[in-house]
Every structure is written in structure tokens, then in C-alpha cells.
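Just so you know, the sequences run in chain order S and P.
Taking our numbering, I'd label the letters of the first sequence as residues 1 to 135.
Taking our numbering, I'd label the letters of the second sequence as residues 1001 to 1135.
Even for Gly, the Cβ is constructed at its ideal location relative to N, Cα and C.
2 protein chains.
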Amino acid sequence: MNLLTRQTDYAVRALGYMMRRPENNATAAELTAALKIPRPFLRKLLQELTKHHVLRSRKGAGGGFELARDPEKIRFSELIEIFQGPLRLNHCTFRKKPCPNKKVCAMRRRIGCIEEMVINQLRATKLTDLVQKGE
Amino acid sequence: MNLLTRQTDYAVRALGYMMRRPENNATAAELTAALKIPRPFLRKLLQELTKHHVLRSRKGAGGGFELARDPEKIRFSELIEIFQGPLRLNHCTFRKKPCPNKKVCAMRRRIGCIEEMVINQLRATKLTDLVQKGE
DNA sequence: ACAAATGATACTAATTTAGTATCATTACGT
DNA sequence: ACGTAATGATACTAAATTAGTATCATTTGT
Chain S
1 MNLLTRQTDY
11 AVRALGYMMR
21 RPENNATAAE
31 LTAALKIPRP
41 FLRKLLQELT
51 KHHVLRSRKG
61 AGGGFELARD
71 PEKIRFSELI
81 EIFQGPLRLN
91 HCTFRKKPCP
101 NKKVCAMRRR
111 IGCIEEMVIN
121 QLRATKLTDL
131 VQKGE
Chain P
1001 MNLLTRQTDY
1011 AVRALGYMMR
1021 RPENNATAAE
1031 LTAALKIPRP
1041 FLRKLLQELT
1051 KHHVLRSRKG
1061 AGGGFELARD
1071 PEKIRFSELI
1081 EIFQGPLRLN
1091 HCTFRKKPCP
1101 NKKVCAMRRR
1111 IGCIEEMVIN
1121 QLRATKLTDL
1131 VQKGE
């Protein structure tokens, strides 16, 4: 059981790296060298972050990526959602065909409860909580 | 992002069904009919539960499965572990090669914290919480 | 113009999850 | 004893998800 995929993990590392630089920026090349993440994969992931306005990018020579916002305003939950879809711990496998197991749905309620807790935690966790500036 | 696989989901349904029967038992055939889960898949899963002493089985005519314990003593966490391995929300992808990203490991601490909360909740959740007897 | 950067997109590979098939073994009922 | 109804063990295939690659287009600074 693993809540985080490698993409999310990489994304946090990359963002963390940028956060610790004075200008909050870096190029894909730098990040590849520093973090040992396969370059094309990293690039794709950075583009994704740009699309979702977590990063801003500049093309061309001297270009690169920079944080689009204060790291304090980048939520862990947001990153997870970008790479792993909506935050839910369980989606009823029978959702389409009107669920024939109403009886079991105490499960869903109970899980919903745990789910809510987790989501609240993930929302409350900011990039700055994941990566300490000084470290 | 999905915390539960279908196997775990099915397992809860199957156990819930058995829990609501007077003898806490059923055959694979009954369960297939009642829960609309593909039979060979269900059988495999029931065998797994038997191996882990959540169920007891009896072979031969008139045989079948029964809960090996009071449903109050079957933890949700245990079921997840059986089908999805150890409860961890994140395992450092760099664990082998001594992690070159000590800097980022605030992430690990923070995630560890959320992880612990989730695990505690899952441990505290019993089969009886997932499936109400009367329902 | 050229080099250094990202954007877009389509593809392959690896891993995990879901599901199938088959034969062996056990136990009840006659 | 035999047939039938059940699970045990195991090996396999299929589908879905995740990880990673490749390529070409576009932009920008010098």
C-alpha cells in the first residue's frame, strides 16, 4: 500500500530544490543533475506542474522554471491531485450499476471518515512543511 | 489515488456477509451468488484469508468457510495488509542506495506523521464497524 | 543564425492488480 | 467403495496503471 507515486515524490523533491534557491528557480538540466531523476520524465512532470500553475516557465536560452507562488501556498494535496487524481481512499467499485450492496455501505461511511481526516492533513501540509528551507 | 484495492473491498463484503449469518459461515458458491464477485477470484481471496487465519475452512461436501474469530477482533488494517502489503503511505524510492536527498527528508518525517494517524484509524476499525449487523 | 531552453505528443516498458484455468485433496452421503 | 461437493495449490493470462523514452516544434537571448 503506497499513497504516493514516484511522480509525486519527484515533484516534491524538485519543488523543494527550487524553494531552497534564492530565486526559487531552476532549469530541468540542473534538477536532473541535482536529483538524479531521469531527465525526460522530470521534464514531463515539470510541464505538468506548469500547466497547473504551480510553476511558471520561460522558454529559450536563459529560461527555466520558477515557483509560481509562495511555497507556503503550495499544498501537498494539490501535488497529489495533479499526479494521482482526486483524493479519495476508496471509490465504490459498484458505483455505476446502482450499488447492489447497500448493506455493506457502513464501510463507505466509515472509510469516508478516515478519508476526510487524511485529506485534511494533506491539505494542511504545505511545501514548506515537506522541505525545510535551511536543511 | 485509491487506498483500497478491489480484493480488499471484496474481502470486506464477503466477511460482512458471513458476519450477518447466524453461524458466521458460507460457501464460495453462496458468496459468489450473493455478492456477484467472479468466482475463481473470490475463491483465491478466501483461501488467502484462510491462510492468514481470518477464516477457517472445511473441505468436502458440506464444507465451506467461517469466521475464525469474533468480528470485533478482525481489524481493517489486517485485511489491508493481507491484500496490499505493509501499511505505509510512502516508501522512499531511494531507500537502497543510501538516500542522496537527506535534505528532502523533512518530507518523510511529515508523511510519517500522517501515516501514523491513518494506521491508527485503520487499526481501530473493526469488521463490525465496516458492516453493521442489522443493516 | 544558433544555441539553449520549454511545449506537445506519441510511444514503449515495467509493475501491479484483476481475473482464469486446472488439477489435487478432503469429506459427506449413499 | 464411489460419486459429488467442497476447498487447496499453483500457474497462467489480461487489464490497468505507472514509469520512462523519443522526437519534433516553439521560443528567446546573444
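Cross-chain neighbours of residue i in chain P, by beta carbon under 9 angstroms
| i | result |
| --- | --- |
| S/Arg110 | Phe1076, Thr1125, Asp1129 and Leu1130 |
| S/Val118 | Leu1003, Leu1089, Ile1114, Met1117, Val1118 and Gln1121 |
Unbroken beta strand (DSSP E) run spanning residue i, endpoints
| i | result |
| --- | --- |
| P/Gly1064 | Gly1064 to Leu1067 |
| P/Leu1003 | P/Leu1003 -> no beta strand (DSSP E), and no H or E assigned at all. |
| P/Arg1058 | Leu1055 to Arg1058 |
Chain S residues whose Cβ lies nearer than 7 angstroms to that of residue i
| i | result |
| --- | --- |
| P/Asn1024 | Within chain S, no residue comes near P/Asn1024; the closest Cβ sits about 16 angstroms away, beyond 7 angstroms. |
Listed by chain order, chain S residues near residue i by CB distance under 9 angstroms
| i | result |
| --- | --- |
| P/Ile1082 | Going along chain S, no residue has its Cβ under 9 angstroms from P/Ile1082, so there is no contact; the nearest lies around 11 angstroms. |
Where residue i meets chain P, residues with beta-carbon distance less than 8 angstroms
| i | result |
| --- | --- |
| S/Gly85 | Met1001 |
Limits of the alpha helix (DSSP H) - the one that residue i falls within
| i | result |
| --- | --- |
| P/Thr1027 | Unbroken run through P/Thr1027: none, as it is neither H nor E. |
| P/Leu1079 | Phe1076 to Gln1084 |
| S/Leu45 | Arg39 to Lys51 |
Whole-angstrom C-beta distance between residue j and residue i, which should lie under 8 angstroms
| i | j | result |
| --- | --- | --- |
| S/Leu79 | S/Ala14 | About 10 angstroms separates the two Cβ atoms, so there is no contact after all. |
| P/Arg1075 | P/Lys1126 | 6 angstroms |
| S/Leu49 | S/Leu55 | 4 angstroms |
| P/Thr1066 | P/Asn1002 | Correcting the residue identity first, residue 1066 of chain P is Glu in this sequence and not Thr. The pair is not a contact, with the Cβ atoms about 30 angstroms apart (cut-off 8 angstroms). |
| P/Glu1072 | P/Thr1128 | 5 angstroms |
| S/Gln7 | S/Leu45 | 6 angstroms |
| P/His1053 | P/Ala1068 | 5 angstroms |
| S/Arg123 | S/Ser77 | 4 angstroms |
| P/Pro1130 | S/Arg88 | Residue identity check: residue 1130 of chain P is Leu in the sequence provided, not Pro. That pair is no contact at about 17 angstroms. |
| S/Phe83 | S/Thr27 | Contact flag wrong, Cβ pair sits at about 21 angstroms. |
Contact test: residue i Cβ vs the ligand MN heavy atom, cutoff 7 angstroms
| i | result |
| --- | --- |
| P/Glu1030 | In the structure on display, the ligand MN does not appear, and there are no ligands present to speak of. |
At which residue ranges does the segment 108-132 of chain S contain complete alpha helix (DSSP H) runs of 4 or more residues, listed in the order of the chain? Taking only runs of at least 4 residues, the alpha helix (DSSP H) segments lying wholly in the segment 108-132 of chain S are 127-130.
Counting pairs of Cβ atoms below 8 angstroms between the segment 1110-1121 of chain P and the segment 28-46 of chain S, do you hit three or more? no
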